[in-house]
Every structure is written in C-alpha cells, then in structure tokens.
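A.B. asks:
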Ligand SMILES: CC(C)(COP(=O)(O)OP(=O)(O)OC[C@H]1O[C@@H](n2cnc3c(N)ncnc32)[C@H](O)[C@@H]1OP(=O)(O)O)[C@@H](O)C(=O)NCCC(=O)NCCS
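Numbering (the working numbering), first residue to last: 1 to 403.
#1: Our contact map puts residue 216 next to residue 243 with C-beta atoms below 8 Å; I'd like the distance itself, whole angstroms only.
#2: Quick test of the definition: if touching needs 3 or more C-beta pairs under 8 Å, does the stretch 268 to 285 touch the stretch 143 to 152?
#3: Report the CB separation of residue 51 from residue 10 in whole angstroms; it is logged as a contact under 8 Å.
#4: Assuming contact is defined by CB atoms lying nearer than 8 Å, are residue 256 and residue 222 in contact in what I supplied?
#5: Opposite residue 65 in the DSSP bridges: which residues?
#6: Any chance the stretch 129 to 136 sits against the stretch 312 to 329, with 3 or more Cβ pairs inside 8 Å?
#7: Taking the continuous alpha helix (DSSP H) assigned at residue 219, which residues delimit it?
#8: Residues around ligand 1, please: the ones whose beta-carbon is closer than 7 Å to some heavy atom of it, in chain order.
#9: Check whether the Cβ atoms of residue 293 and residue 329 sit closer than 8 Å, and answer yes or no.
#10: Can you grab the Cα-Cα spacing for the pair residue 26 / residue 101, in whole Å?
#11: Would you call residue 173 buried or exposed, if buried means 16 or more other Cβ atoms sit within 10 Å of its Cβ?
#12: If we cut at 8 Å on Cβ distances, does residue 374 have a partner in chain D?
#13: Check the C-beta distance from residue 97 over to residue 61 and give it rounded, since I have them as a contact under 8 Å.
#14: Name the DSSP bridge partner or partners of residue 181?
#15: What number of angstroms, rounded off, separates the C-alpha of residue 323 from the C-alpha of residue 114?
#16: Would you mind giving the Cβ-Cβ distance between residue 240 and residue 269, rounded to the nearest angstrom? I have them listed as a contact below 8 Å.
#17: I'd like to know whether the C-beta atoms of residue 368 and residue 266 end up nearer to each other than 8 Å.
#18: What residue ranges within the stretch 107 to 146 form continuous alpha helix (DSSP H) runs of no fewer than 4 residues, ordered along the chain?
#19: Give the secondary structure of residue 353 by DSSP, where H, G and I count as helix, E and B as strand, and everything else as coil.
#20: Return helix, strand or coil for residue 165, following the three-state DSSP convention.
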C-alpha cells in the first residue's frame, strides 16, 4: 500500500542514494550521508543487510546502520552491533518509525549471534528500546600548548601503512588497562588510514621514533586553534615527557594555542596533562543493551573463573540465582568452574538484579555499592556482597573507534 511504512534493506543503487538522502535531510550540515557512503564503499565486512531503511510508498523516509565490531570484556571477545546514523526525515517524525527499525535491528542482530547492541547517541531517546549507559565515552582534557616541554630527542614523521603492525601492538598494550575495550582488526586499521577518518571524524597521524623504531603514534586534527589528539599509544610511561614535547612541536607548527585530548582520563598521557593543570570533563556514556543475558553471562564464564581463582573464593562451589524480576538466571559454580547458566522459573529475593542496573555492574561501569545506593530494586543479600564484588569489579572501559 502506497501510504504504509515498509521496512527493507537497500537492494539497488537507487535505494542507497535514497538512504544517503535520508541522512542528508535528517542531519543537515553534519555529513552523516558521507559517513554512510564511506561505510558502504570501504567497510571490509558490512553488506546490504547491515543497512536498514523504511520507505513510505517508494520513497525512503528513515534509516540506520549496523556497524559490526568486536569488544573485549576482561579478555573475553564479544560480538558487538553498533547502531549508528539513526535518522528520520523531519516530516515523518514522531510516527514510531524508529520502533520499526529498532525491532528489525534487534531481530537481525540476534539472528547473527551478536552479544551486545551499543550506540553513542542522543540522551534519553534510546531508553525506550532498552538501552542503558554502561561504558565511558567522550573524554576530554584541555591544556595550553606552552605548558608542555619543548625539548625531545625523539623524531616525528608522517605515519605510514608499514607502521600499522607495530602501532597495533602499541594500541593493544594501551587497551589492556580497560575492562571493556574494542578490538581493531588490521583491515579496519587500513580502512581508517585510507579514508583518513576515525569514527566519524577526519584525522592525520604522526609516528614517533626512537633510534628509528616506532615508540608511539598519535592521530590528530586542528580546529579553531585547538590541536585535538584523538588517539595516542606509546611504548612505555618513561616516554611521556618526550611525547608531550613532540605533540607541542606539531601543535605549534599548526598554530594551535590549546591541546585537547579525547583519551580516557585513565590514560598515562591524560594523567600527565591533568597533573600539569589540564581541565578535564565529565564523560558521556555508550548506551548498551544485551540481547540474551543468559548467553552473555555464559560467555563471561572464563572471566568469572579467573576472578574467582585470584580471590578468597578460589575453588567456589555455589549456585547463584539472579532475580532480574522479569526473568531469572541461575549460575552454578563447581570447584571454581562455571558449569551451567540456566534460566529458571523461581528465584528468591536474594540477588535483586534490576536489568538496567545489572548491565552497569556486568561492564564494570558501576560498583555493586553504587547500584545498591541508586536503585531500591537492585540489592545483594544473604552475605553475597563480597562474592559479587569479586565477580563484577568496578573498572573503567574505553572504546577506540573501529570504523
Ligand atoms: C531522533 C529521531 C531519529 C527520532 O525519529 P522518529 O521517527 O521521530 O522516532 P519515533 O517516532 O520512532 O519515536 C519514538 C518515540 O520517541 C519519542 N521521541 C522522538 N524524538 C525524541 C527525542 N529526540 N528525544 C526523546 N524522545 C523522542 C517520540 O515522541 C516517540 O514516542 P511517542 O510515540 O510516545 O510519542 C529523529 O528525530 C531524527 O532523525 N532526529 C535528527 C537526527 C538525530 O538526532 N538522530 C539521533 C542520532 S543519535
């Protein structure tokens, strides 16, 4: 029927052009159509079923994309579906079209075995689809250029494709400090270098060498006299002074007055700047939803076993019945191993695990104590507090973009 809203994946060239037009009209002056076009043309894994659109008659009026990636939780690899470029053209808004798209997105993500859906999106809107803030996002530290040291013996030059394998090792070493982090494949490294785009933003990149060996790299962009450091990884903390000097030299060349980093406040370079008086922001958050909490907890089995083995609960034998109120899940540990994770019909009111709070616990974003304080329907009773603290420690995450 001509007037109905109808979901489809793009199939023809004309469909893709219509999807770009939806993005241009939904996000005026934000170049989101260019982001989608770049994914279509360059992303090594995405195909037409990763693009979602709704048509009214034969004209596309809304769309979104699924950007596949892998994230790690304490070393366990998870399949992540990032929802991005969510838009409805102005004259079709508030007609629940995003409900159609979200339903299709979830069904598709589930059928493809994704463990989590994530997005870096506008406030509040996505709560209706079950998303909750659960990993830190959008950090900033800002400092005057002339506060950084001037002298260094390290050499800077433009980053080359041959630098990728070593840069990847440096990045992975940096990422180890984060409980939740992304896993960037060599193909995505290449795509980012080729398109000169990090996430949705342009960048240039510089390599830093000590005795002809790569010891650091950073990705940067200058805007309104601010030298933005979007990504940085380096071999050892002992280099931090020299790296600051290299960045200062480049920033001066670019006539910047301030240096702003987008690195986690946990990063050694951010800490170095903060010690020197940099202003830091309060970060925003990734919004996250689990498609299947039972299989998610099952996947985390090796993580739980490692945490137990390093604690006073080594060799634990116990059943933990988590009451998520709408559903209940039993974890059975035998001699320190997770032997089963099952949905059950009964659970006492011992582990009260409001799902919106639990995702924050599972991803280390909030501690058990923080959540008990914030939510009356999240509580840990029966003397299980210490065990829950061991199984789910509070520890910051950070996601380096993977597209
Ligand atoms: C945000 C946007 C995608 C919503 O699209 P839409 O088709 O109007 O969404 P829906 O009609 O499916 O909205 C579902 C519900 O959310 C509500 N809603 C719509 N926009 C909202 C907003 N910005 N914040 C909070 N709630 C909103 C609607 O009122 C509706 O609830 P109701 O049926 O109870 O009234 C659209 O306004 C848009 O394209 N905005 C510009 C681009 C943008 O900001 N995209 C998001 C990037 S993360």
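For each residue, glycine too, the CB sits at the ideal point set by N, CA and C.
Computed from a predicted model, the values in this text were never measured in an experiment.
C.D. replies: Looking at the atomic coordinates:
#1: As a position in the chain shown, residue 216 is number 216, starting the count at 1. As a position in the chain shown, residue 243 is number 243, starting the count at 1. Here residue 216 really is in contact with residue 243; their C-beta atoms are around 5 Å apart, less than 8 Å.
#2: Contact between the stretch 268 to 285 and the stretch 143 to 152 is present, with at least three C-beta pairs closer than 8 Å.
#3: Your numbering for residue 51 matches position 51 in the chain shown. Your numbering for residue 10 matches position 10 in the chain shown. Correct: roughly 5 Å between the Cβ atoms.
#4: By one-based count along the chain shown, residue 256 stands at place 256. By one-based count along the chain shown, residue 222 stands at place 222. Contact: yes.
#5: For the purposes of this step, residue 65 is taken as the residue at position 65 of the chain shown. DSSP lists 51, 84 as partners of residue 65.
#6: With the cut-off at 8 Å, the stretch 129 to 136 and the stretch 312 to 329 do not touch.
#7: The residue labelled residue 219 in the question sits at position 219 within the chain shown. From DSSP, residue 219 is part of no alpha helix (DSSP H) but of the beta strand (DSSP E) over 213 to 223.
#8: In chain order, the hits are 26, 27, 62, 86, 87, 88, 92, 93, 94, 95, 96, 97, 98, 99, 119, 121, 122, 124, 125, 128.
#9: Position 293 of the chain shown, counted from the start, is the residue given in the question as residue 293. Position 329 of the chain shown, counted from the start, is the residue given in the question as residue 329. It is a contact, given that the beta carbons lie within the stated cut-off.
#10: For the purposes of this step, residue 26 is taken as the residue at position 26 of the chain shown. For the purposes of this step, residue 101 is taken as the residue at position 101 of the chain shown. Answer to the nearest angstrom: the Cα atoms are 15 Å apart.
#11: Stepping through the chain shown from its first residue, residue 173 is reached at position 173. Its Cβ having fewer than 16 others within 10 Å, residue 173 is exposed.
#12: Absent here is chain D; the protein component of the structure consists of one chain.
#13: As a working mapping, residue 97 is identified with position 97 in the chain shown. As a working mapping, residue 61 is identified with position 61 in the chain shown. By a beta-carbon distance limit of 8 Å, residue 97 contacts residue 61. Their separation comes to about 7 Å.
#14: Start at 1 with the first residue of the chain shown, and residue 181 comes out as number 181. Paired residue(s): 72, 398.
#15: Here the question's residue 323 lines up with position 323 in the chain shown. Here the question's residue 114 lines up with position 114 in the chain shown. Roughly 24 Å between the two C-alpha positions.
#16: For the purposes of this step, residue 240 is taken as the residue at position 240 of the chain shown. For the purposes of this step, residue 269 is taken as the residue at position 269 of the chain shown. The pair is a contact, with the Cβ atoms about 6 Å apart (cut-off 8 Å).
#17: For this step, residue 368 is matched to residue 368 along the chain shown. For this step, residue 266 is matched to residue 266 along the chain shown. No, they are not a contact pair.
#18: Runs of the alpha helix (DSSP H) inside the stretch 107 to 146: none found.
#19: Along the chain shown, one-based indexing puts residue 353 at 353. The answer is strand: DSSP assigns residue 353 an E or B state.
#20: Taking the chain shown and counting its residues from 1, the one referred to as residue 165 is at position 165. Correct three-state label for residue 165: helix.
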